[in-house]
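Report on one structure; see the data block that follows.
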Amino acid sequence: MNVKRIKIPLFIIATLLFGVKTYIVYRFMFTIEIDNSMQELILLINPFVSGFLVFALSVWFKKQSRQMKFLRYTALIGTLILYFNLVFYRSFTDFITIPQLFQGSNMGDLGSSILTLIKAYDIFLFLDVALIWYLSKKNAGSSAVKYPRSGKVFALAMSLVLLAGNFFLAEMERPQLFTRAFDREYLVKNIGLFNYHIYDFAVHSKVKTQRVFADGTELPEIKDYVDSLRSDKQSDLYGIAEGKNVIFISAESLQTFVINNEVNGEEITPFLNSLVDDKDTYYFENFYHQTMQGKTSDSEFLTANSLYPLPRGAVFFTHGQNDYHALPEMLNEEGYYTASFHANNKSFWNRDQMYDSLGFDHFYGDESYEVTKDNSIGWGLKDKPFFEQSIKYLQALDQPFYTKFITLTNHFPFDLDEEDRSIEPYDSNSNTLNNYFPTVRYMDESIEQFFNQLKDAGLYEDSIIIIMGDHYGISANHNNAMSQYLEKEEITPYDHIQLQRVPFFIHIPGSGKGKVMSEVSGQIDIKPTILHLLGIDTENDIYFGNDLFSDDRKGYIAQRNGDFISDKYISTEGICYNRETGEPIEEDQTITETDTESPCTAIEEKVTNELGYSDDIIYGDLFRFVDFTGSD
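The opening position of the sequence shown corresponds to residue 387 in the numbering used here, with each subsequent residue numbered one higher.
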């Protein structure tokens, strides 16, 4: 009996192989939360829809060789896009955006970090590419197709029908998906990684035109809003540090969960713990970082401007030439000398350009330090020699000065030489978390050393010293290990938000009124707080934070993805939690049955507006239209 062999076109095989592989990555390599069967269905079908949409384009090539070549290189490029996102996700629990592709100058410093994110088994992600390559060469004749025009049109129409079906299901599952796209995970979960990148490109193209069409007419509405956030009277600490130097320490990757905590029976941060109880220190125990994809650069942007970072990319790269009314510039106008100290190259995060825009007088980068093999590790100069070598520059500055110090040692992947370890690593299935504790202790020791060096140099009494964790160090990819360390069954979305707290200290030698501050606060609040401590009026300024010592504050802080933390509630992943109990609001006994909507709704609307106003300022470069002197 002769059985006719069915010939399956290679573009169909490529679609199936690529779809299966992509789904496996979605489901088991990305930590995408699946809440219901509809989300599971959408996540399952979208890689096949995306694959068919692209691979089916091959039928339009008349020549067999071009058809095969298109399939080979499309499979390779698609896999590289998938893989680059996977490596990025392992570090940041996020997906690559177009603006980040322009941050290529950072890549030279990422070597050791990237190597820790590449796994040996990743090679299996390229098996389907190898198979497609082989079939396109070996069986080109039987794998190619020669459709009439009607067949080609049908293939294209089928692609578009499948795509429309995917988008229809996505919109059912997540209404207003494209207009409320703060969270990239929702986009990838509902339309797939590749359609997300197309959407991201469209958004990037749109925002690039905003500056061209901006004319400043948006400013009165924004000014009215920010004025409504401010208290009519100054705080009791207004002007308490007038004329003093400001020394700001940005503590790399330092999270609040290590404060007053132990590992292996030993204190993790003994010096910072002592500051919590110090009579000259204000410690903010519910202070949250608000960074996005720019991480350390975002924290710098937030603290300097009291504007939010962008939802995509880093402002330091995308809008480094904008006009700002930043903290260093304002302090310059008050007679302060301003400088930043960071033992890294000046082009990293585009600091050489951005610092000019922010108003810094000088940047002490890696060329200002003696960096050797013995005194450096990972990302560069260790924190102890960094502070030690910085003192001579600090002593030479005109006073009063505002200086910012950015540490390096406590940076992913948290490498530290054995002789620099004062405590042993933790024991869990995450080397990242295990090694985090010794590097945190090393940074704690370096900050204590710096305090002593300031005293020896005669700078301590005439300065206020601010210490802030710049962003998280342990991402959600290590939740299993974190749950072990924190002795929890699991890290819930509520727990994840609480882990975004970072330490914030304001040390004012001789004040004697220090205390622990429990109010919700964030990096957006730092600029007005510093200015008011120094007795500098901000009436004509535009910013979204509050003075942390004011009794009349807005009562919430926003995360860049639209989540928020208020005095009573936490909103994340569409769930409203009681901030004190951690219980979802529908399970909270304090909410009455007569309530018709979540108490988070009103704040969510404010957060959306606030983030939108901040974006308008940055995308439109609106401060070029503002006279901050208050003159007509």
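Positions of the beta carbon are idealized from the N, C-alpha and C atoms, including for glycine.
On a predicted model such as this, the values are computed, not experimentally measured, just so you know.
Does the segment 919-929 touch the segment 938-948, meaning 3 or more C-beta pairs lie closer than 8 Å? no
Do you know how far the Cα of GLU756 is from the Cα of TYR955? 48 Å
Which first and last residues belong to the beta strand (DSSP E) in which TYR828 is found? No beta strand (DSSP E) contains TYR828, which is instead part of the alpha helix (DSSP H) from 817-842.
For PHE634: DSSP bridge partner residues: LYS790, ILE852
Three-state secondary structure (DSSP) of GLU653: strand
Helix, strand or coil at ASP1018 [DSSP, three-state]: Low local confidence applies: a pLDDT of 46 at ASP1018 is under 50, so the model's placement there is unreliable, with the coordinate-based value given in what follows. ASP1018 falls in the coil class under three-state DSSP.
Look at the alpha carbon of TYR788 and the alpha carbon of THR460, and state the distance between them as a whole number of angstroms. 52 Å
Cβ atoms of LEU548 and PHE404: under 8 Å apart, would you say? no
Chain D contact for GLY900 (CB, 8 Å cutoff): Checking the listed chains, one finds no chain D in this structure; it contains a single protein chain.
Just the Cα atoms here: how many angstroms apart are GLU559 and GLY578? 14 Å
Ends of the alpha helix (DSSP H) at THR724? First-last for THR724: 723-727, but that is the beta strand (DSSP E), not the alpha helix (DSSP H).
DSSP three-state call for SER754: helix, strand or coil? helix
List, from N- to C-terminal side, the beta strand (DSSP E) runs of 3 residues or more that fit wholly inside the segment 901-939. none
Under DSSP, the alpha helix (DSSP H) around ALA550 begins and ends at which residues? 535-559
For the beta strand (DSSP E) containing HIS857, name the first residue and the last one. That residue, HIS857, is in no beta strand (DSSP E); it is neither H nor E in DSSP.
DSSP bridge partner residues for SER952 (one or two, in chain order): TYR942
Closer than 8 Å is the cut-off here; do at least three beta carbon pairs connect the segment 666-675 with the segment 892-911? yes
Proximity winner among ASP784, ASP747, ALA862, GLY859, relative to MET716 (alpha-carbon distances): ASP747
Of all the options ASN422, SER776, ILE763, MET740, which has the alpha carbon lying nearest to the alpha carbon of GLU753? SER776
Is ALA556 near the ligand NAD - that is, is its Cβ less than 7 Å away from at least one heavy atom of it? This structure lacks the ligand NAD, and indeed carries no ligand of any kind.
Can the beta-carbon of TRP860 be found closer than 8 Å to that of GLN641? Checking the sequence, you will find Ile at residue 860 rather than Trp. Yes. Within cutoff.
Rounding to the nearest angstrom, what Cα-Cα distance links ASN866 and TYR722 in this structure? 47 Å
I need the DSSP call for ASN471, collapsed to helix, strand or coil. helix
Return the CA-CA distance between ASP938 and GLU774, expressed in angstroms with no decimal places. 41 Å
Thinking C-beta only, is THR724 closer than 8 Å to PRO714? yes
Buried versus exposed, by CB contacts within 10 Å (16 or more), PHE587: exposed
Residue from ASP742, ASP842, ASN730, LEU573 with nearest C-alpha to THR795: ASN730
HIS675 beta carbon less than 8 Å from that of HIS797: no
With 16 other Cβ atoms within 10 Å as the buried cut-off, status of ASP830: buried
Please confirm whether LEU1008 and GLY602 have their CB atoms less than 8 Å apart. yes
Thinking C-beta only, is VAL435 closer than 8 Å to LYS538? no
Apart from the five residues on each side of it in sequence, which residues of its chain come closer than 6 Å, Cβ to Cβ, to SER907? PHE670, PHE673, LEU934
Buried or exposed: where does VAL598 fall if 16 or more other Cβ atoms within 10 Å of its Cβ makes it buried? exposed
Alpha carbon of GLU652 to alpha carbon of ILE509, nearest angstrom: 41 Å
Note the first and the last residue of the continuous beta strand (DSSP E) segment covering TYR963. 961-964
Any idea if THR417 is buried or exposed, counting beta-carbon neighbours within 10 angstroms, 16 or more meaning buried? exposed
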